[in-house]
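Below is one structure, written out as structure tokens, with a few remarks after it.
Protein chains: 2
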Amino acid sequence: MQVDVIGTVAEATTDDLQHRTVIVIDALRATSTLTTALAHGASGVVPVETVQQAKQEQRPGDLLGGERFCKKIPGFDLGNSPIEYELNAVRGRRIIMTTTNGTRAIQKSQRASRVLAGSFLNGRACAAAAFGLQRDVTILCAGTQDVFSWEDGLCAGMIAEELLTFTEAGLNDLGLALLAGYRHEQGDIASALLATASGKRLARLGFKDDVLFCSQRNAFDLAPVLQDGVLVPLALAAR
Amino acid sequence: MQVDVIGTVAEATTDDLQHRTVIVIDALRATSTLTTALAHGASGVVPVETVQQAKQEQRPGDLLGGERFCKKIPGFDLGNSPIEYELNAVRGRRIIMTTTNGTRAIQKSQRASRVLAGSFLNGRACAAAAFGLQRDVTILCAGTQDVFSWEDGLCAGMIAEELLTFTEAGLNDLGLALLAGYRHEQGDIASALLATASGKRLARLGFKDDVLFCSQRNAFDLAPVLQDGVLVPLALAAR
Numbered sequence: 001m002q003v004d005v006i007g008t009v010a011e012a013t014t015d016d017l018q019h020r021t022v023i024v025i026d027a028l029r030a031t032s033t034l035t036t037a038l039a040h041g042a043s044g045v046v047p048v049e050t051v052q053q054a055k056q057e058q059r060p061g062d063l064l065g066g067e068r069f070c071k072k073i074p075g076f077d078l079g080n081s082p083i084e085y086e087l088n089a090v091r092g093r094r095i096i097m098t099t100t101n102g103t104r105a106i107q108k109s110q111r112a113s114r115v116l117a118g119s120f121l122n123g124r125a126c127a128a129a130a131f132g133l134q135r136d137v138t139i140l141c142a143g144t145q146d147v148f149s150w151e152d153g154l155c156a157g158m159i160a161e162e163l164l165t166f167t168e169a170g171l172n173d174l175g176l177a178l179l180a181g182y183r184h185e186q187g188d189i190a191s192a193l194l195a196t197a198s199g200k201r202l203a204r205l206g207f208k209d210d211v212l213f214c215s216q217r218n219a220f221d222l223a224p225v226l227q228d229g230v231l232v233p234l235a236l237a238a239r
Numbered sequence: 001m002q003v004d005v006i007g008t009v010a011e012a013t014t015d016d017l018q019h020r021t022v023i024v025i026d027a028l029r030a031t032s033t034l035t036t037a038l039a040h041g042a043s044g045v046v047p048v049e050t051v052q053q054a055k056q057e058q059r060p061g062d063l064l065g066g067e068r069f070c071k072k073i074p075g076f077d078l079g080n081s082p083i084e085y086e087l088n089a090v091r092g093r094r095i096i097m098t099t100t101n102g103t104r105a106i107q108k109s110q111r112a113s114r115v116l117a118g119s120f121l122n123g124r125a126c127a128a129a130a131f132g133l134q135r136d137v138t139i140l141c142a143g144t145q146d147v148f149s150w151e152d153g154l155c156a157g158m159i160a161e162e163l164l165t166f167t168e169a170g171l172n173d174l175g176l177a178l179l180a181g182y183r184h185e186q187g188d189i190a191s192a193l194l195a196t197a198s199g200k201r202l203a204r205l206g207f208k209d210d211v212l213f214c215s216q217r218n219a220f221d222l223a224p225v226l227q228d229g230v231l232v233p234l235a236l237a238a239r
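Protein chains in written order, with the UniProt record's numbering: chain A, 1 to 239; chain B, 1 to 239.
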């Protein structure tokens, strides 16, 4: 099995996606948040690129979630804080979600064989799911506005490490780099996340608890998979 | 001081270069080779992009050096192996050099305040020189055909580590990632280089000794700086 890590959405080529399992990571916070929503019983998460698309997609009972400039969008039910999705009643509800980087990365990955959403919260579950799908893997770091984000790269390193517990995978050069970085930082993921540009920005805006929440490894045994445009837990999806 | 690492030449923007000290890294092998040439007394190294430019630039007494597909160019005096520049008489000679990635990266950096050429062989000297120049630093990884190369990233991590011995620098996210990766791998740089795509290709082509040579840290106390299109040791350049 080959495992290639791509540092930003802009760098992903068709070859990186087609006939592969793609694991999209936006660890602070979109893929952490949607994993939390599904873990708390949301029936599905629909990633869309724009606020307008979110409103058009909404059907009775759906909740609107997401952010612009890290903050909840006016008129939306929920922001992009995973903690909100723990505290609020999302069980049985569909979430229509738009965020700056993460949902765009998921949209761009649609030509993959399968798209999974990875984070520290569910890295092992994603690795297990990707191993089960038996295709080469692309780990796609969402990044921030087409610039590499260490929080996504660190999570890519974690997922590569988890994949290596299942199989002898070949890693591309960025994968080797991020695996080494993860191995160095694995004793204190929270501090590493707080040192990143996104972590610092979130802490400044009052979301430090989100960063700490997102740093928890394998809190959820759940791999969100994209099926007909909706992220659902892999076990519920037709494999 | 701010220290930003850029993963490939294609990603470098004007803002990454202007008013900054740029340290270009093509650890396997161009910046290692030209550092070795200068350390053995070459009077200067002229980086050019094409074979034709190299021939046009050549004056009596100059040596032509470089590679295409990792191999010596037909009609050239020297290839891109640092060991060749140790064994052959380069003292007092100007080297006109063209390589696939490294010389292009140097060319692209010309709008920087200063351009230095870094490698494991002279990482500390480059960091000291960059600190002395007192500008923000961009560490530009040459990469391979616009794809990130771990050998360059690992060397960027080493140079960031050396810079931190001089000053409290701020690092961008890629810099944080590569510093962590370097700290994990620093006990055995040679093995890390041999695991990279370039390292494996070079070993396959019979250049394993080059990879081992290039893994030596701080073998030379010399920072090549670009002056009027020619790389010369910093002490010899007008500061």
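Beta carbons are placed, not taken as given, at the ideal position from N, Cα and C, and that holds for glycine.
Exercise for the section: Counting only runs of 4+ residues fully inside the stretch 43–82 of chain A, write out the alpha helix (DSSP H) ranges in chain order. Expected result: 51–57
Handout entry: residue 115 (chain A) - partner residues in DSSP beta bridges
Key = A:22
Handout entry: Local conformation of residue 173 (chain B) per DSSP, three classes
Key = helix
Exercise for the section: Taking residue 196 (chain B) as the query, report the chain A residues whose CB atoms sit under 8 Å from its CB, ordered along the chain. Expected result: 173, 176
Exercise for the section: Buried or exposed for residue 69 (chain B), please, with buried defined as at least 16 other CB atoms from any protein chain shown within 10 angstroms of its CB. Expected result: exposed
Exercise for the section: In angstroms with no decimal places, state the Cα-to-Cα distance between residue 200 (chain B) and residue 96 (chain A). Expected result: 46 Å
Practice task
Pull up the distance between the alpha-carbon of residue 239 (chain B) and that of residue 194 (chain A), whole angstroms please.
Solution key: Interpretation of residue 239 (chain B) is limited by its pLDDT of 48, a score under 50 that renders its predicted location unreliable; no figure is taken from the coordinates.
Problem - Neighbourhood of residue 8 (chain A) by C-beta, 7 Å cutoff - its chain only, sequence neighbours within 5 removed - result: 141, 143, 146, 147, 148
Handout entry: Chain-ordered residues of the stretch 121–151 of chain A with a beta carbon less than 7 Å from chain B
Key = 148, 149, 150
Practice task
Specify whether the stretch 151–166 of chain A and the stretch 119–133 of chain A touch according to this definition: at least 3 beta carbon pairs, one from each stretch, less than 8 Å apart.
Solution key: yes
Exercise for the section: Using a Cβ cut-off of 8 Å (strictly closer), state whether residue 12 (chain B) contacts chain A. Expected result: no
Handout entry: CB of residue 151 (chain A) within 8 Å of CB of residue 196 (chain A), strictly
Key = yes
Practice task
Would you mind sorting residue 221 (chain A) into buried or exposed? The rule is 16 or more other CB atoms within 10 Å of its CB.
Solution key: exposed
Handout entry: chain B contact for residue 183 (chain A) (CB, 8 Å cutoff)
Key = yes
Exercise for the section: Determine, using beta carbons only, whether residue 1 (chain A) comes closer than 8 Å to chain B. Expected result: no
Problem - Contact list for residue 180 (chain B) against chain A, beta-carbon separation under 7 Å - result: 181, 184, 185
Handout entry: chain A contact residues for residue 118 (chain B), given Cβ-Cβ distances below 7 Å
Key = Residues of chain A passing the Cβ test: none, with the nearest at roughly 17 Å.
Exercise for the section: Inspect the CB distances between the stretch 116–123 of chain B and the stretch 60–74 of chain B and report whether three or more fall short of 8 Å. Expected result: no
Exercise for the section: Could you say which of A:18, A:92, A:88, A:117 lies nearest to residue 60 (chain A) if we only look at CA atoms? Expected result: A:92
Practice task
Step through the CB atoms of chain A and report whether any lies within less than 8 Å of the CB of residue 153 (chain B).
Solution key: yes
Problem - Within 8 Å, strictly: CB atoms of residue 99 (chain A) and residue 67 (chain A) - result: yes
Problem - Any chain B beta carbon closer than 8 Å to residue 239 (chain A) - result: Bear in mind that a pLDDT of 48 at residue 239 (chain A), under 50, signals an unreliable position, so the model cannot answer this.
Exercise for the section: Taking residue 44 (chain B) as the query, report the chain A residues whose CB atoms sit under 9 Å from its CB, ordered along the chain. Expected result: The premise fails here: residue 44 (chain B) is roughly 31 Å from chain A at the closest Cβ pair, so nothing lies under 9 Å.
Exercise for the section: Note down, in chain order, every chain B residue with its Cβ under 7 Å from the Cβ of residue 41 (chain A). Expected result: Within 7 Å Cβ-Cβ: nothing; residue 41 (chain A) doesn't reach chain B, min ~34 Å.
Exercise for the section: Mind reading off the beta-carbon distance from residue 154 (chain B) to residue 23 (chain B)? Whole number of angstroms is fine, and I expect it under 8 Å. Expected result: Wrong, their Cβ atoms sit about 14 Å apart, outside the cutoff.
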